[in-house]
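Visitor: Under this note's numbering, read the sequence shown as residues 15 to 297, first letter to last. Glycine residues also receive a C-beta, built at the ideal position from the N, C-alpha and C atoms. The structure's right below; bear with me while I get my questions together.
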Amino acid sequence: MNVLIALLPAIGWGIQPLILRKIGGKPSNEIFGTGIGALIAGIVATALFSPHFVAANVFILSLLSGLFWVMGQTGQYHAFGLIGVSKTMPISTGFQLVGTSLIGVILFGEWPGNLNKIIGFLAILLLIIGVLLTSVSDSTQNRSETKRGIFVLAATSLGYWVYSALPKAVSASGLSIFLPQMLGVFIGAVLYACINNKRVFQEKKSWKAVIVGLIFGLSALAYIFSAQKNGVATAYIITQLNVVISTIGGIVILKESKSGQALKKTIFGLLLIVIGSVITVLI
15 MNVLIALLPA IGWGIQPLIL RKIGGKPSNE IFGTGIGALI AGIVATALFS PHFVAANVFI
75 LSLLSGLFWV MGQTGQYHAF GLIGVSKTMP ISTGFQLVGT SLIGVILFGE WPGNLNKIIG
135 FLAILLLIIG VLLTSVSDST QNRSETKRGI FVLAATSLGY WVYSALPKAV SASGLSIFLP
195 QMLGVFIGAV LYACINNKRV FQEKKSWKAV IVGLIFGLSA LAYIFSAQKN GVATAYIITQ
255 LNVVISTIGG IVILKESKSG QALKKTIFGL LLIVIGSVIT VLI
């Protein structure tokens, strides 16, 4: 049962971009639906599990982390349109892991001792190599689009870093901060969507994307329970399967083309990203 709980976030976050691309729409439609679904998941989880209320400062920091998540997620959604899911997900995951690892070392004193730091930075090197391999393009035109996609992801990954870092700065359970985080996601998503598309409320694809927000929220909730049952390290490592699911799904289900050579480099790059992420957790 514990293994099943651990797999749920990986599966949910892995299929999330595949469903989103099948629905279609602009990034404003996608992030709007995601925000609505995330808030619904937060309200339902709070009603079911009745977590303790948090102090005002914890609530605000949790809300801010959700707002910053929207920054990272809109970057992903824009990149899907530029370079597809099978390229976006491993590149985005690599940026997230590198950033959150460095923040953990610098701000929270993780990887204590010189040996751990050496191993950690070697793991980051593996992540960077993995990202470079998955970004290999088949043509000059694709290379130009890849550069644009990488720039978008690099510029917006700060949102994911802050989203991951802020909860570490407070002393509260994952369930207690879940609703304010999802509320932050909702506020950020609706503000972004309304600013960029005044018709977002009227477009069907906005409301179809609610399912993606529900999947995100429920997967995040499952991760909280997995961390409680399996330990944070094990839970986090298993969630990294999401990038494998989404990347292979992009190629197989969404029919995103990859030549034989590019496909081999992508698979090897994925392997390096997963290995690097595992090392950063275990040291």
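1) Taking 8 Å as the threshold (C-beta atoms), are G227 and M85 in contact?
2) Using the three-state DSSP reduction, which class does I267 fall into: helix, strand or coil?
3) Shortest alpha-carbon distance to V258 belongs to which of G49, V166, K101, T160?
4) Which same chain residues, not among the five before or five after L232, have their C-beta less than 6 Å away from its C-beta?
5) Quick one: grab the DSSP three-state call for N71.
6) Compute the beta-carbon to beta-carbon distance between I293 and I133, rounded to the nearest angstrom, for a pair I have assumed lies under 8 Å.
7) Within the continuous alpha helix (DSSP H) that includes P23, where are the two ends?
8) Below 8 Å, how does it come out for the stretch 43 to 51 and the stretch 194 to 213: are there three or more Cβ pairs, yes or no?
9) The alpha helix (DSSP H) spanning A4 covers which residue range?
10) Count the other CB atoms within 10 Å of the CB of G274; is the residue buried (16 or more) or exposed (fewer)?
11) Between the Cα of I191 and those of I164, H66, K269, spot the shortest distance and give me the residue it belongs to.
12) Exposed or buried, S2, counting other C-beta atoms within 10 Å across all chains shown (16 or more means buried)?
13) So the alpha helix (DSSP H) E44 belongs to, where does it begin and stop?
14) By how many angstroms is the C-alpha of M15 removed from the C-alpha of V295?
15) Assuming G264 and V99 make a contact with CB atoms under 8 Å, what is their CB distance in whole Å?
Guide: In this structure, then:
1) As a working note, residue 85 is residue 71 in the sequence shown. As a working note, residue 227 is residue 213 in the sequence shown. Cβ atoms of M85 and G227: not closer than 8 Å.
2) Taking the sequence shown and counting its residues from 1, the one referred to as residue 267 is at position 253. I267 falls in the coil class under three-state DSSP.
3) Locating residue 258 in the sequence shown gives position 244, counting from the first residue. Ranking the options by Cα distance to V258, first place goes to K101.
4) Along the sequence shown, one-based indexing puts residue 232 at 218. Excluding positions up to five away in sequence, the list reads A55.
5) The sequence position of residue 71 within the sequence shown is 57, counting from 1. Note: N71 maps to helix in three-state DSSP.
6) As a working mapping, residue 293 is identified with position 279 in the sequence shown. As a working mapping, residue 133 is identified with position 119 in the sequence shown. About 7 Å separates the two Cβ atoms, so the contact holds.
7) Within the sequence shown, residue 23 is the residue found at index 9, counting from 1. Here the alpha helix (DSSP H) through P23 covers 16 to 37.
8) yes
9) Here the chain covers residues 15 to 297 and nothing more, so residue 4 does not appear.
10) One-based indexing of the sequence shown puts residue 274 at position 260. Classification of G274: exposed, given that the 10 Å Cβ count is below 16.
11) Within the sequence shown, residue 191 is the residue found at index 177, counting from 1. For the residues I164, H66, K269, the minimum Cα distance to I191 belongs to H66.
12) There is no way to answer for residue 2, as the model of the chain reaches only from 15 to 297.
13) Position 30 of the sequence shown, counted from the start, is the residue given in the question as residue 44. First-last of the alpha helix (DSSP H) with E44: 41 to 63.
14) For the purposes of this step, residue 295 is taken as the residue at position 281 of the sequence shown. For the purposes of this step, residue 15 is taken as the residue at position 1 of the sequence shown. Rounded to whole angstroms, V295 to M15 spans 23 Å at the Cα level.
15) Position 250 of the sequence shown, counted from the first residue, corresponds to residue 264. Position 85 of the sequence shown, counted from the first residue, corresponds to residue 99. Correct: roughly 3 Å between the Cβ atoms.
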